[in-house]
Every structure is written in structure tokens, then in C-alpha cells.
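The structure appears below as C-alpha cells.
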Amino acid sequence: MDSAKKPLVLIVDDERDIADMLKSYFEMSGYLATVALDGAQALEKARCSPDVILLDVGLPDIDGFSVCRMLRDVHACPIIFLTARVEDADAIDGFSAGADDYVTKPFSLEVLGARVKAQLARGERMKRVSAVRVDDVLSIDYAAMAVYVEGAQVPLARKEYEICTLLSKHAGQVFDRDMIYERVWGTSGDSAVVTEHVRRLRRALAKAGAEKDYVKTVWGVGYTWQG
1 MDSAKKPLVL IVDDERDIAD MLKSYFEMSG YLATVALDGA QALEKARCSP
51 DVILLDVGLP DIDGFSVCRM LRDVHACPII FLTARVEDAD AIDGFSAGAD
101 DYVTKPFSLE VLGARVKAQL ARGERMKRVS AVRVDDVLSI DYAAMAVYVE
151 GAQVPLARKE YEICTLLSKH AGQVFDRDMI YERVWGTSGD SAVVTEHVRR
201 LRRALAKAGA EKDYVKTVWG VGYTWQG
């Protein structure tokens, strides 16, 4: 495997022996691998944009479900939980937090490796078939959770991308801030947060070279998408 194209695996587990074992296994399997021993380290090392994250639920500082939710605010890569918990409710919590898969301990390294490979392959397949071209400048890949301007990916936080998705899929429909918050955050809350995320979305698109303002403000009401 070409080193320039090796996928990066972020391993988050507070048991050093397990973390080191996984790191060695994935490096021998042709991946790059890095280790975080707690939730704070995981959030820090995730800034390197891993291609897949293996996340233990039982971390010493922040529980894995909370870490997953925080990661999902900014990362769309596959997240696979590694845990000794086997109750259905725990699996549901994991998927609700944004996990893509759930592997219980003890596990086979070969099976885990196959799960990682399958998640990465699925992502590549969906990237190839799901891009929607908005116009000659902008395209959105809904499956890969990516926005492109002139073919270059625009760096967006997860919530900014989700606002972009909501508005672009309903072009011409006006959403007030409360409605956007409920749709994107899944609950009610401070709608002023929406204003800030829209501002960041617009700034990111403009910085990437989009001259058109795709997100139009409807004064006194909210926002709408103009394609």
C-alpha cells in the first residue's frame, strides 16, 4: 500500500496493552495508526482527520458515547465502538451517539480488521455515486458528508454541513432558526447558535471561492437555499 494513501486509524482505549496491540496489528496490515488513552486525547488527535476511529466506551475521563457525539460535530469518518458491554440498550446508545458499528470485547483482530475495511470500502463506494452538482461551482456529496467548491472540499464542522444539507435539499423553502435547530440538533435550544453556524458556513464557502451566497437570509423569518 502506498504510504501516501494509507488510511489513518485512531485507536481510543485506556488499556495500554489493547491499544498497543491494535496499533501494531493495523500498522502490519498496511494502515497508519495512532493511539489516544482517554477522551481528551481522542478529541485532540482527531484533529489529524483519521479515516476511521476505534472508540472504547469505558474511558476514564469522558464516556465513549459523549466523545462520539463531540467527534460527530466535526468528523464524518466511520466510528466503531469497542466495548465489553453487550446489552441491546448500550448498542442503541452507541448508534444514537453516531457510531457506525459496534464490536464487543473480546474480539478477533481479523474480524475487527474486516469491519474496518468494510467501513472504509463503503465510504469510498458512496463517495463515487452520491455527489450532487448544484451548479458549475458547488457540489454536495450527501453520503460522504462533503461539500466541494471548484472540486476542492470545503472544511466544514458537522453542524455547518448538516445545515447546508437541510437547506439545499429543500431549496426555496424558508426555515426559521428554531426549526433549523430542531432539525439539526434534534431538540429545542438557543436558536442564536444557528445564526453563528450559518455565518461560519457562508464564510467557509466564500473562502473556498464561491462568489454566490447560497444561503439567503429572509429577514424576520429565517434562511432559505438559492441554488
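Numbering of the sequence shown is given in the UniProt record's numbering, commencing with residue 1 and proceeding in unit increments. Glycine residues also receive a C-beta, built at the ideal position from the N, C-alpha and C atoms. On a predicted model such as this, the values are computed, not experimentally measured, just so you know.
Report the option in the options whose CA atom is closest to the CA atom of residue i.
i, options, result
"Asp101", "Ile53, His75, Arg199, Gly58", "Ile53"
"Ala97", "Ser66, Pro78, His75", "Ser66"
"Lys207", "Tyr148, Val174, Ala171", "Tyr148"
"Ala42", "Thr217, Ile62, Leu205, Asp178", "Ile62"
"Val9", "Gly209, Glu15, Leu22", "Leu22"
"Tyr161", "Leu120, Gly151, Gln119, Ala76", "Ala76"
"Val137", "Arg47, Glu15, Gly209, Tyr223", "Gly209"
"Gly186", "Lys117, Asp38, Leu166", "Leu166"
"Arg122", "Asp51, Arg47, Lys216", "Asp51"
"Ala144", "Asp135, Gln119, Glu150", "Gln119"
"Arg133", "Ser168, Ala192, Ser188, Leu55", "Ser168"
"Ile18", "Ala40, Leu55, Gly39, Ser49", "Leu55"
"Leu109", "Ser29, Phe95, Ala157", "Ser29"
Nearest chain B C-beta to residue i closer than 8 Å, yes or no?
i, result
"Ala19", "Among the protein chains of the structure shown there is no chain B, as only one such chain exists."
For my contact list, residue i and residue j are in at a C-beta cut-off of 8 Å; report their separation, rounded to the angstrom.
i, j, result
"Arg202", "Asp213", "6 Å"
"Pro7", "Tyr25", "Not a contact, Cβ separation roughly 14 Å."
"Val57", "Thr34", "Their Cβ separation, rounded to whole angstroms, is 19 Å, which puts Val57 and Thr34 out of contact at 8 Å."
"Val116", "Ile80", "7 Å"
"Gly227", "Asp135", "7 Å"
"Lys159", "Val184", "6 Å"
Between residue i and residue j, what straight-line distance do the alpha-carbon atoms span, to the nearest angstrom?
i, j, result
"Val12", "Gly220", "45 Å"
"Gly222", "Val194", "10 Å"
"Thr224", "Asp73", "22 Å"
"Met70", "Glu15", "22 Å"
"Ser139", "Val218", "23 Å"
"Cys68", "His197", "20 Å"
"Gly64", "Glu27", "24 Å"
"Ala171", "Pro155", "22 Å"
"Ala36", "Ala46", "9 Å"
"Ala204", "Pro78", "24 Å"
"residue 229", "Glu211", "For the chain, the structure presents residues 1 to 227; residue 229 sits outside this window and is missing."
"Gly39", "Cys48", "15 Å"
"Glu44", "Pro60", "16 Å"
"Gln153", "Cys164", "14 Å"
Would you list the one or two residues that DSSP bridges to residue i?
i, result
"Gln41", "Gln41 pairs with nothing; no bridge assigned."
"Ile80", "Leu54, Asp101"
"Ser168", "Paired residue(s): none; Ser168 is not in a bridge."
"Tyr223", "Phe175, Thr217"
"Leu8", "Leu32"
"Ile140", "Val132, Val147"
"Ala152", "Val149"
If we count Cβ pairs, one from each stretch, closer than 8 Å, do we get three or more for the segment 171-185 versus the segment 103-122? Result no; under three Cβ-Cβ pairs closer than 8 Å.
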